């Protein structure tokens, strides 16, 4: 197959969105905008051997490539609408393309995201998705609004995705717990619904992609504050507890990354009421408090605690 055969066969789909006036197949897309709403745009690249193991199933790659982008929109409180896709392939493998497209569109259909354009080239396996969506004009989430005294929350169970990657890399045979953790890495759930509910009530938010502690430091730097993170409050994973030592599980939770959960802050006087009003598909847990200084401190049993290594950085020595 040639480039245009690939596009026509696997990625040219009639969109059910009324705001897609012209989509895949022309030189550019034509999209209808909405009065009273702001456009939110994000982009992420995933690379074979860096973001996922070489032997990863094509459907999981397609799903994951979109999920990590949807997570960025969730962190802004936005509703997804459109995406573009840049796909670099070493060859036109029909079986791989069929699986990749099935995983990509499985998640796209769930959130009514239309593929409206992109590019296909020959090269190493690299996938770039640009996602665009909407947020109401009155409020959207950022990293920069946390205030001293705000309570710090995280969704889901941090560390399960990193533990899942360890299961894959070490070929751990652990039955149902191993399968569960592997799924958590390969198929992260973007917290779009939670982000939409937090849009007008959270003071700051971001998604956890590079590790809980590393991303908390980013949020605090953007807000000009510090934080105390109580590791004793971190939610426990039954699957991690069964397969890993406690200290390893804590390392995954604090520095593992790839969870794509939401880290967010709420005013202390409103936090309980907000949490009780949320319609949740996953748990949210208070794990700390925002402080007036600029230090981010981990506490364990009330004492300062240091982890073995920080979260992921593509260009850090030794990564």
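Numbering (the UniProt record's numbering), first residue to last: 1 to 319. Where a beta carbon is used, it is the ideal one built from N, C-alpha and C, also for glycine. Source: prediction; values computed, not measured.
Span separating the alpha-carbon of residue 3 from that of residue 45: Position 3 of the chain shown, counting from 1, holds the residue named residue 3. Position 45 of the chain shown, counting from 1, holds the residue named residue 45. Counting only the Cα atoms, residue 45 lies some 20 Å from residue 3.
So, with DSSP's three-state summary, where would you put residue 167? Taking the first residue of the chain shown as 1, we reach residue 167 at position 167. In the three-state scheme derived from DSSP, where H, G and I count as helix and E and B as strand, residue 167 is classed as helix.
If you measure between the beta carbons of residue 141 and residue 107, is that distance less than 7 Å? As a first step, residue 141 must be located in the chain shown, where it is residue number 141. As a first step, residue 107 must be located in the chain shown, where it is residue number 107. No, they are not a contact pair.
Within the same chain, show all residues whose beta-carbon is closer than 7 Å to that of residue 75, passing over the 5 residues directly before and after it, in chain order. In the chain shown, counting from the first residue as 1, residue 75 sits at position 75. Excluding sequence neighbours, residue 75 sits near 141, 195, 205, 206, 207 and 262.
Could you give the C-beta distance for residue 177 and residue 239, rounded to a whole number, given that I count them as a contact under 8 Å? Here residue 177 refers to the residue found at position 177 when the chain shown is read from its first residue. Here residue 239 refers to the residue found at position 239 when the chain shown is read from its first residue. Rounded to the nearest angstrom, the Cβ distance from residue 177 to residue 239 is 4 Å, consistent with a contact under 8 Å.
Relative to the alpha-carbon of residue 307, which residue among 143, 253 and 225 has its alpha-carbon at the smallest distance? As a first step, residue 307 is located in the chain shown; it is residue number 307 there, counting from the start. For residue 307, the closest alpha carbon among the candidates 143, 253 and 225 is that of 253.
Which residues in the same chain as residue 323 place their Cβ atom closer than 6 Å to its Cβ, once the five residues preceding and following it in sequence are excluded? This structure does not reach residue 323, given that the chain is present from 1 up to 319, and the question cannot be answered.
Could you tell me whether the Cβ atoms of residue 190 and residue 71 are closer together than 7 Å? Here the question's residue 190 lines up with position 190 in the chain shown. Here the question's residue 71 lines up with position 71 in the chain shown. Against a cut-off of 7 Å, the Cβ pair of residue 71 and residue 190 comes out as a contact.
For residue 51, I'd like the list of residues in its chain whose CB is within less than 7 Å of its CB, leaving aside the five on either flank, ordered along the chain. Taking the first residue of the chain shown as 1, we reach residue 51 at position 51. Nothing meets the Cβ criterion.
Alpha helix (DSSP H) containing residue 358: first to last residue? Residue 358 lies beyond the stretch modelled for the chain, which goes from 1 to 319, so this question has no answer here.
Segment limits, alpha helix (DSSP H) that includes residue 323: The question about residue 323 has no answer, for the chain in this structure spans 1 to 319.
Can you tell me whether DSSP reads residue 26 as helix, strand or coil? If you number the chain shown from 1, residue 26 lands on position 26. Strand, per DSSP.
Straight-line Cα distance separating residue 124 from residue 95: Here residue 95 is taken as the residue at index 95 of the chain shown, counted from 1. Here residue 124 is taken as the residue at index 124 of the chain shown, counted from 1. The straight-line gap from Cα to Cα measures roughly 17 Å.
Three-state secondary structure (DSSP) of residue 134: Working through the chain shown from its first residue, we reach residue 134 at position 134. DSSP places residue 134 in strand when its eight states are reduced to three.
I'd like to check one pair, residue 30 with residue 39: are the Cβ atoms closer than 7 Å? Residue 39 sits at position 39 when you count from the first residue of the chain shown. Residue 30 sits at position 30 when you count from the first residue of the chain shown. With contacts defined by Cβ atoms closer than 7 Å, residue 39 and residue 30 do not form a contacting pair.
In this structure, how does DSSP classify residue 212 when only helix, strand and coil are distinguished? As a position in the chain shown, residue 212 is number 212, starting the count at 1. Helix.
Through-space distance from residue 119 to residue 27, alpha-carbon basis: As a working note, residue 27 is residue 27 in the chain shown. As a working note, residue 119 is residue 119 in the chain shown. The alpha-carbon atoms of residue 27 and residue 119 are separated by roughly 10 Å.
Buried or exposed (CB count within 10 angstroms, at least 16 for buried), residue 173: On the chain shown, position 173 is the one that residue 173 refers to. An exposed status is given to residue 173, since fewer than 16 other beta-carbon atoms sit within 10 Å of its beta-carbon.
Kindly indicate which residue of 24, 9, 90 and 295 has the alpha-carbon position closest to the one of residue 214. Against the chain shown, residue 214 aligns to sequence position 214. For residue 214, the nearest C-alpha among the options comes from 295.
CB-CB under 8 Å to residue 135, same chain, minus the five flanking residues each way: which ones, in chain order? For the purposes of this step, residue 135 is identified with residue 135 of the chain shown, where counting begins at 1. Cβ neighbours of residue 135 within its own chain (closer than 8 Å, five residues either side excluded): 37, 38, 40, 76, 77, 78, 79 and 199.
Helix, strand or coil at residue 231 [DSSP, three-state]: Counted from its first residue, the chain shown places residue 231 at position 231. Helix, per DSSP.
Answer yes or no: do residue 151 and residue 271 have a C-beta to C-beta separation smaller than 7 Å? Stepping through the chain shown from its first residue, residue 151 is reached at position 151. Stepping through the chain shown from its first residue, residue 271 is reached at position 271. Contact: yes.
Do residue 87 and residue 127 come within 7 Å of each other at the CB atom, strictly closer than that value? On the chain shown, residue 127 is found 127 positions in, with the first residue counted as 1. On the chain shown, residue 87 is found 87 positions in, with the first residue counted as 1. Yes.
Does the beta carbon of residue 202 sit closer than 7 Å to a beta carbon anywhere in chain B? Reference to chain B is not applicable here, since this structure consists of a single protein chain.
Please return the same chain residues whose Cβ sits closer than 6 Å to the Cβ of residue 298, not counting the five positions on each side in sequence. One-based indexing of the chain shown puts residue 298 at position 298. If the five residues before and after residue 298 are omitted, its C-beta is found closer than 6 Å to the C-beta atoms of 229, 231 and 305, all from its own chain and listed in chain order.
Endpoints, the beta strand (DSSP E) within which residue 322 is located: Residue 322 falls outside the range modelled here, since the chain spans only 1 to 319, and no answer is possible.
Give me the residue from 84, 64, 166 and 138 with the minimum Cα distance to residue 11. To locate residue 11, count along the chain shown from 1; it is residue 11. Nearest C-alpha to residue 11 among 84, 64, 166 and 138: 84.
Going straight from the alpha carbon of residue 256 to that of residue 166, what length do you get? In the chain shown, counting from the first residue as 1, residue 256 sits at position 256. In the chain shown, counting from the first residue as 1, residue 166 sits at position 166. Their Cα atoms are separated by approximately 10 Å.
Three-state secondary structure (DSSP) of residue 65: Taking the first residue of the chain shown as 1, we reach residue 65 at position 65. DSSP places residue 65 in helix when its eight states are reduced to three.
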